[in-house]
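I have placed the structure first, in the form of structure tokens, so that the comments after it can refer back to it.
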Amino acid sequence: MEQKMNQGNSLINAVSFEYLLLDCYSKLGLSENELVVCLMIEHLSKQGNAFVNSDMLALKMNLSTKEIDESMASLLQKGFLVY
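Everything in the sequence shown is counted per our numbering, starting at 128 for the first residue and increasing by one.
This is how it looks when you write it as structure tokens:
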């Protein structure tokens, strides 16, 4: 029973991060592109991809590698990504 509760809490924590990010991205000063890049990096990381780059993201998104690079640079500058 306790294990199921812990699994449920993990799911709630995982969902709440994405929900909070979606709900507050404009208050955090993120653009829509930065939001989607951030969410996709989180998604790919959870799938076991230790290193996510713009080429990998471009395969999954409707943004060019240039747009993704710009978004990632901005996220780094704002402190949302760590290199």
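Every residue gets a Cβ at the ideal spot worked out from N, C-alpha and C, and that includes glycine.
Where the alpha helix (DSSP H) through residue i begins and ends
{"i": "M188", "result": "Careful: M188 lies outside any alpha helix (DSSP H) and carries neither H nor E."}
{"i": "L171", "result": "159 to 173"}
Inter-residue Cα distance where the pair is residue i and residue j
{"i": "E197", "j": "G206", "result": "14 Å"}
{"i": "A200", "j": "L149", "result": "20 Å"}
{"i": "D182", "j": "K193", "result": "10 Å"}
{"i": "N176", "j": "F144", "result": "19 Å"}
{"i": "G219", "j": "S172", "result": "Because the chain is modelled from 128 through 210, residue 219 falls outside the range shown and cannot be assessed."}
{"i": "L186", "j": "M167", "result": "11 Å"}
{"i": "K154", "j": "L202", "result": "14 Å"}
{"i": "E159", "j": "V209", "result": "19 Å"}
Local Cβ density within 10 Å of residue i, reported as buried at 16 or more and exposed below that
{"i": "M191", "result": "As written in the sequence, residue 191 is Ser, which differs from the Met given in the question. Exposed."}
{"i": "I195", "result": "buried"}
{"i": "V179", "result": "buried"}
{"i": "E161", "result": "buried"}
{"i": "C165", "result": "buried"}
{"i": "V163", "result": "buried"}
{"i": "L184", "result": "buried"}
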